[in-house]
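Participant:
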Amino acid sequence: MSKHKAEQTENATPTPAQAPEPLPVPVSETELQDLKDKSAKSQQWYEQLLRTTADFENYKKRALRERQDAAKYANESLLQRLVPVLDNFDSAMSAATAGPGANAQALQAGVTMIHQQFKAALAEAGLEEIDATLKPFDPNFHEAVAQEESAAVAEGHVLRQMRKGYKLRDRLLRPATVVVAKPVTPKEAK
Numbered sequence: 017m018s019k020h021k022a023e024q025t026e027n028a029t030p031t032p033a034q035a036p037e038p039l040p041v042p043v044s045e046t047e048l049q050d051l052k053d054k055s056a057k058s059q060q061w062y063e064q065l066l067r068t069t070a071d072f073e074n075y076k077k078r079a080l081r082e083r084q085d086a087a088k089y090a091n092e093s094l095l096q097r098l099v100p101v102l103d104n105f106d107s108a109m110s111a112a113t114a115g116p117g118a119n120a121q122a123l124q125a126g127v128t129m130i131h132q133q134f135k136a137a138l139a140e141a142g143l144e145e146i147d148a149t150l151k152p153f154d155p156n157f158h159e160a161v162a163q164e165e166s167a168a169v170a171e172g173h174v175l176r177q178m179r180k181g182y183k184l185r186d187r188l189l190r191p192a193t194v195v196v197a198k199p200v201t202p203k204e205a206k
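Residue numbers (the working numbering): 17 to 206.
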């Protein structure tokens with residue numbers, strides 16, 4: 017090797033691969049024990065973090081399953097109330113097709129009872145009818161389809177209800193379709 021290259025090699029700073037090992041720093045027994053305690057404590061915290069993370073992931077999966085089941089079976093209690101109504105409709109249909117000797121009044125009474133049973137099951141589930149007849153028109157609960165003159169009903173009140181409206185507890189499901197009264201206009205004489 018040339019003299020010039022040898023000088024460059026001696027003056028060059030050592031690369032990390034060539035760096036000398038750092039000299040060990042003397043550590044007292046108390047400092048060593050303190051480091052060991054801190055290491056054990058950090059390992060304990062790390063294991064606790066892993067367990068907590070796993071528990072949280074399991075909780076999220078369980079909560080998702082429960083929400084999916086709740087949505088899937090949300091109508092279960094309502095359907096349990098409606099199945100007896102369906103059974104009674106089946107009985108009424110069988111009675112109606114029994115033959116010409118079937119009593120029309122008995123069939124009508126049976127259908128009336130089924131209607132009442134059906135309304136009771138829906139009311140138990142929270143369904144409320146909106147009775148709009150002769151009440152002031154409320155656009156929050158009524159849908160006006162026409163206006164008619166009336167001397168008997170005050171202006172702006174519901175003259176008649178065309179289709180019932182319904183609420184589920186305090187939430188509107190369907191507004192009542194109504195005809196609203198307006199004042200009678202005097203006819204001019206010819």
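Virtual Cβ for every residue (Gly too), placed ideally from N, Cα, C.
Which ranges does the beta strand (DSSP E) cover as unbroken runs of at least 3 residues, wholly within the region 167 to 191, from first to last along the chain?
Facilitator: Runs found: 174 to 179, 181 to 184, 187 to 190.
Participant: Sorted by chain position, which residues of the same chain lie with C-beta nearer than 6 Å to residue 163's C-beta, five sequence neighbours on each side aside?
Facilitator: Same-chain partners within the cutoff: 196, 198.
Participant: If you run the structure through DSSP and keep just helix, strand and coil, what is residue 36?
Facilitator: Coil, per DSSP.
Participant: Could you tell me if residue 181 is buried or exposed, where buried requires 16 or more neighbouring beta carbons within 10 angstroms of its beta carbon?
Facilitator: By the 10 Å Cβ count, residue 181 comes out buried.
Participant: Rounded to whole angstroms, what's the CA-CA distance from residue 51 to residue 78? Just pull it up for me.
Facilitator: So the two alpha carbons sit approximately 40 Å from each other.
Participant: Would you grab the beta carbon distance between residue 176 and residue 192 for me? Rounded to a whole angstrom, and I think it's under 8 Å.
Facilitator: Not confirmed; about 10 Å, so no contact.
Participant: Going by other Cβ atoms of all chains shown within 10 Å of its Cβ, with 16 needed for buried, is residue 153 buried or exposed?
Facilitator: Counting Cβ neighbours within 10 Å, residue 153 comes out buried, since at least 16 surround it.
Participant: Looking only at its chain, what residues have a beta carbon closer than 6 Å to the beta carbon of residue 103, apart from the 5 residues adjacent to it on each side?
Facilitator: Nothing meets the Cβ criterion.
Participant: Taking contact to mean 3 or more Cβ pairs, one atom from each stretch, closer than 8 Å, check whether the region 81 to 97 and the region 136 to 146 are in contact.
Facilitator: Because the criterion of three Cβ pairs below 8 Å is met, the region 81 to 97 and the region 136 to 146 touch.
Participant: Output needed for residue 186: all residues of its chain with C-beta closer than 7 Å, excluding positions within five of it in sequence on either side, in chain order.
Facilitator: Contacts found: none.
Participant: Distance, Cα to Cα, residue 158 vs residue 87?
Facilitator: Near 30 Å, if we compare the C-alpha coordinates of residue 87 and residue 158.
Participant: Three-state secondary structure (DSSP) at residue 102?
Facilitator: The answer is helix: DSSP assigns residue 102 an H, G or I state.
Participant: Does the Cβ of residue 90 have 16 or more other Cβ atoms within 10 Å, making it buried, or fewer, making it exposed?
Facilitator: Residue 90 should be labelled exposed.
Participant: Answer yes or no: do residue 149 and residue 174 have a C-beta to C-beta separation smaller than 7 Å?
Facilitator: Yes, these two residues count as a Cβ contact at 7 Å.
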